[in-house]
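K.L.:
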Ligand code: AMP
Ligand code: ZN
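In our numbering, the protein residues as written are 21 to 374.
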């Protein structure tokens, strides 16, 4: 079964052709364009700019994905194109959550292709897509996640714990009461005059600092809600505390504060993850989303879970599948395969996991 997947929820325009065999998803071809360079200039994503870029990038991205998948040069003659299209079984697209203008571009193009090519259309929740990045074949980590699983989705807009049942149903368990983990990193990076996306800049400085100052304990910032059993997070206080550090502690370098911020976020996420597995008893734990690209978080969570819950398998996608990509959307579609009449599909910017 081959699925053509489209992801356009924010500033990445991504298209992938994926196929599923023996419980894992293989990426046949995958092309991602991004308007990040324009957002670096403004220090964050400008929705109108992101949506316009989606319009510019989507058509060439689809063409390139198909060209690479079938190793032909497109545009090509009608018989070649028809032959390629006949090999696609379904189209998957991100329905939400995301920026309305960006989502609309992907959704309307997917609906049009499904109608004119006569293919089933599978709408996908972007956050569920992030989870299924763990089902993409990865030579570095050949095991497929066992279900039921517990997922921690940490991105620029979301920090959520979810349960994935043996039937692949995803249920919300807890999440942030205010800022998401990535949002907190991005805002703290701004306080430190670091470039967008702030999480990446903080990670780079923090790693440098840790490598040169292994003896320093990073403990100047609070770890909100870690003394409560709740699976909720609250990251806004961390941003306020960081602002105070920046204003009041002239003795601390930028890289020291970056390391303090990263460590506080990692400690909160790891501590809550340990609470979550204690109550849910999953067979595997999935760490996904843009913040899952963070090395310190990947290593610390993996080793903490191994130490406290050795029977739970830890999975996190290859870094290229942590940030927004269409392969994960195709991967999720491989496991749910619930199509909708294209005419009825609407972008849903506020879509939630229930
Ligand atoms: P997403 O919303 O899933 O596209 O992820 C974007 C978020 O991930 C932004 O808040 C980034 O700052 C954050 N991010 C990306 N890479 C890293 C990293 N290596 N360490 C920490 N945060 C990161
Ligand atoms: Zn995302």
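Don't be surprised by glycine CBs; every beta carbon is placed ideally from N, CA and C.
For the beta strand (DSSP E) that residue 305 lies in, which residues bound it at each end?
P.N.:
Residues 304-308.
K.L.:
Where does residue 28 fall in DSSP's three states?
P.N.:
DSSP places residue 28 in coil when its eight states are reduced to three.
K.L.:
Grouping DSSP H, G and I as helix and E and B as strand, with all else coil, what is residue 174?
P.N.:
Of the three classes helix, strand and coil, the one that applies to residue 174 here is strand, per DSSP.
K.L.:
Is residue 175 near the ligand ZN, going by C-beta to nearest heavy atom under 7 Å?
P.N.:
Yes, the beta carbon of residue 175 sits closer than 7 Å to at least one heavy atom of the ligand ZN.
K.L.:
Answer yes or no: do residue 176 and residue 202 have a C-beta to C-beta separation smaller than 8 Å?
P.N.:
Result yes, Cβ atoms of residue 176 and residue 202 sit closer than 8 Å.
K.L.:
Roughly how many whole angstroms lie between the Cα atoms of residue 174 and residue 225?
P.N.:
Rounded to the nearest angstrom, the two C-alpha atoms are 20 Å apart.
K.L.:
Is the beta carbon of residue 343 closer than 8 Å to that of residue 313?
P.N.:
Yes.
K.L.:
Run the proximity test for residue 150: is its beta-carbon closer than 7 Å to any non-hydrogen atom belonging to the ligand ZN?
P.N.:
Yes, since a heavy atom of the ligand ZN falls inside the 7 Å radius drawn around the Cβ of residue 150.
K.L.:
Is DSSP giving residue 112 helix, strand or coil here?
P.N.:
Note: residue 112 maps to strand in three-state DSSP.
K.L.:
Secondary structure at residue 143, three-state DSSP: helix, strand or coil?
P.N.:
Three-state DSSP puts residue 143 in a strand.
K.L.:
Rounding to the nearest angstrom, what Cα-Cα distance links residue 284 and residue 33 in this structure?
P.N.:
Approximately 32 Å, taken between the alpha carbons.
K.L.:
In the DSSP output, what is residue 180 paired with across the bridge?
P.N.:
BP columns for residue 180 point to 173 and 195.
K.L.:
Going by DSSP, name the residue or residues bridged to residue 156.
P.N.:
Answer is 45.
K.L.:
Less than 7 Å between C-beta atoms, sequence neighbours within five positions excluded: which residues of the same chain meet that for residue 212?
P.N.:
The residues are 266, 274, 277 and 278.
K.L.:
Could you have a look at residue 344 and say whether DSSP puts it in helix, strand or coil?
P.N.:
Reduced to three states, the DSSP call for residue 344 is coil.
K.L.:
With three or more beta-carbon pairs closer than 8 Å as the criterion, would you say the region 334-349 touches the region 253-260?
P.N.:
No: fewer than three Cβ pairs fall under 8 Å.
K.L.:
Do residue 344 and the ligand ZN come close, with the Cβ less than 7 Å from some heavy atom?
P.N.:
Yes, Cβ of residue 344 sits closer than 7 Å to a heavy atom of the ligand ZN.
K.L.:
Exposed or buried, residue 145, counting other C-beta atoms within 10 Å across all chains shown (16 or more means buried)?
P.N.:
Answer is buried; the Cβ neighbour count reaches 16.
K.L.:
Out of 302, 315, 320 and 355, which one is the CA nearest neighbour of residue 333?
P.N.:
Looking at the Cα atoms, 302 is the closest of the given residues.
K.L.:
Run the CB neighbour count on residue 28, radius 10 Å, all protein chains shown included, and call it buried at 16 or more, exposed below.
P.N.:
It counts as buried.
K.L.:
Check whether the region 119-137 and the region 64-77 touch, using three or more Cβ-Cβ pairs below 8 Å as the test.
P.N.:
The region 119-137, when compared against the region 64-77, does touch it at the 8 Å Cβ threshold.
K.L.:
In this structure, does DSSP put residue 57 in helix, strand or coil?
P.N.:
Three-state DSSP puts residue 57 in a helix.
K.L.:
Buried or exposed: where does residue 370 fall if 16 or more other Cβ atoms within 10 Å of its Cβ makes it buried?
P.N.:
Its Cβ having fewer than 16 others within 10 Å, residue 370 is exposed.
K.L.:
Since residue 79 is in the beta strand (DSSP E), which residue starts that stretch and which ends it?
P.N.:
Premise fails: residue 79 lies in the alpha helix (DSSP H), 67-90, not in any beta strand (DSSP E).
K.L.:
For residue 57, count the other beta carbons within 10 Å of its own beta carbon; 16 or more makes it buried, fewer makes it exposed. Which is it?
P.N.:
Residue 57 should be labelled exposed.
K.L.:
Is residue 146 near the ligand ZN, going by C-beta to nearest heavy atom under 7 Å?
P.N.:
Checking the Cβ of residue 146 against the ligand ZN gives yes.
K.L.:
Can you give the Cα-Cα distance for residue 20 and residue 363, rounded to whole angstroms?
P.N.:
Residue 20 lies beyond the stretch modelled for the chain, which goes from 21 to 374, so this question has no answer here.
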